[in-house]
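Participant: Would you mind keeping the following structure in view while I ask a few things?
Below is the structure:
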């Protein structure tokens, strides 16, 4: 299968999200759910064929009838089912959370300094704010390339050209590579990227993306902090699907 | 509750415009939010959006009958938009999609 032009965005904590996909072209999880199914570059499954496949599996029908009485198996109920599952994908308790609750030993001194940098000198919290560490905003952060992101959806708004959705930083250490195109391989590379003020200057580049003059110690502290956002979650039990 | 009420009182002002009857309603943007979730104005009135935040905003509406785009608005700046026809219009920030304001024009 040919690699996609953009990295797969995480579904973590999207129950609280606003606008889906890197470019925000879907306004809900329900609206997003079937896009990858029919996308020729992904599952390439026409939705009518998808319906036929599910209807051909007798044990699916009672499950849909129970979840959506009177609605049957349809594109709408399949979308709702997927979206409802996605809303259960929530990050767990991380060392950062234990530190916030008062456990001074939950994170290292480096990570504590990193959190201060995150909120001040490094400007990260301008967009990566709140408990999910995202405000769901769209910005051109200066990633090199010709993908105009949300600009294709909203061509008349100058600040949205080359803009992409701000991702959550919960469990970010598990999601390399980074940026919408996977162009930064490690968290250290991401910090270097922002320290340089991005890789490409354009009129739309966010006012918060500018050279930071971080020292090597400060960069290491930021990475140490980011790693404290990784929670120890119970493994997901793979369900036995109807046949 | 007292804090919320007093903040709203400060954030939503109303002052005279050039017209004898049309009014100008002020809505502040702060903390990546509009000061109110909904505002009711008369047809012909204007709403002035002031950026009292620490980050830039871009107020716009895609609702039929009141499509507009105020463009990038840096902290401290304000822009005004006239609402000529009756209806209910959703105003948002293009950068921060959680910022939503319903403008009811009567």
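Protein chains in written order, with my numbering: chain A, -16 to 226; chain B, 4 to 109. C-beta: ideal position from N, C-alpha, C; glycine also.
1) For residue 146 of chain A, collect the residues of the same chain with a Cβ closer than 7 Å to its Cβ; drop the 5 residues on either side in sequence, then sort them by chain order.
2) Assess, as a yes-or-no matter, whether the segment -16 to -2 of chain A is touched by the segment 69 to 88 of chain A under the definition of 3 or more beta carbon pairs within less than 8 Å.
3) Would you say residue 44 of chain B and residue 86 of chain B are within 8 Å of each other, going by their C-beta atoms?
4) Report the three-state DSSP secondary structure of residue 223 of chain A (helix, strand or coil).
5) Buried or exposed for residue 105 of chain A, please, with buried defined as at least 16 other CB atoms from any protein chain shown within 10 angstroms of its CB.
6) Taking the beta strand (DSSP E) that residue 26 of chain B falls in, what are its first and last residues?
7) Assess contact between the segment 56 to 70 of chain B and the segment 27 to 42 of chain B, defined as three or more Cβ pairs (one per stretch) separated by less than 8 Å. Is contact present?
8) Distance, Cα to Cα, residue 203 of chain A vs residue -9 of chain A?
9) Excluding sequence positions up to five away, which residues of its chain have a Cβ less than 6 Å from the Cβ of residue 99 of chain B?
10) Among A:208, A:172, A:144 and A:32, which one has its Cα closest to the Cα of residue 5 of chain A?
11) Identify every residue that forms a DSSP beta bridge with residue 50 of chain B.
12) Measuring only between beta-carbons, confirm whether residue 13 of chain B sits less than 8 Å from chain A.
13) Hey, how far is the Cα of residue 190 of chain A from the Cα of residue 58 of chain B?
14) Closer than 7 Å by beta-carbon distance: list the chain A residues that pair up with residue 63 of chain B, in chain order.
15) Any Cβ of chain B within less than 8 Å of the Cβ of residue 205 of chain A?
16) Thinking just about the alpha-carbon of each residue, which of B:26, B:37 and B:25 is nearest to the one in residue 103 of chain B?
Facilitator: Considering the structure as presented:
1) Answer for residue 146 of chain A: 121, 122, 123, 132, 133, 134 and 187, listed in chain order.
2) With three or more CB-CB distances shorter than 8 Å, the segment 69 to 88 of chain A counts as touching the segment -16 to -2 of chain A.
3) Yes, they are a contact pair.
4) Residue state, collapsed to three classes: coil.
5) When all chains shown are included, residue 105 of chain A counts as buried.
6) Where residue 26 of chain B is concerned, the enclosing beta strand (DSSP E) starts and stops at 26 to 32.
7) Between the segment 56 to 70 of chain B and the segment 27 to 42 of chain B, the count of Cβ pairs shorter than 8 Å is three or higher; the stretches touch.
8) Straight-line measurement puts the Cα of residue -9 of chain A at about 27 Å from the Cα of residue 203 of chain A.
9) These residues qualify, in order along the chain: 35.
10) Closest by alpha carbon: A:144.
11) DSSP output for residue 50 of chain B lists B:28 and B:84 as bridge partner(s).
12) For residue 13 of chain B, the predicted model reports a pLDDT of 40, less than 50, meaning its position is unreliable and no value from the coordinates is stated.
13) Computed Cα separation, rounded: 8 Å.
14) The answer, in chain order, is 140.
15) By this cut-off, residue 205 of chain A is not an interface position.
16) When the alpha-carbon of residue 103 of chain B is set against those of B:26, B:37 and B:25, the nearest one is in B:37.
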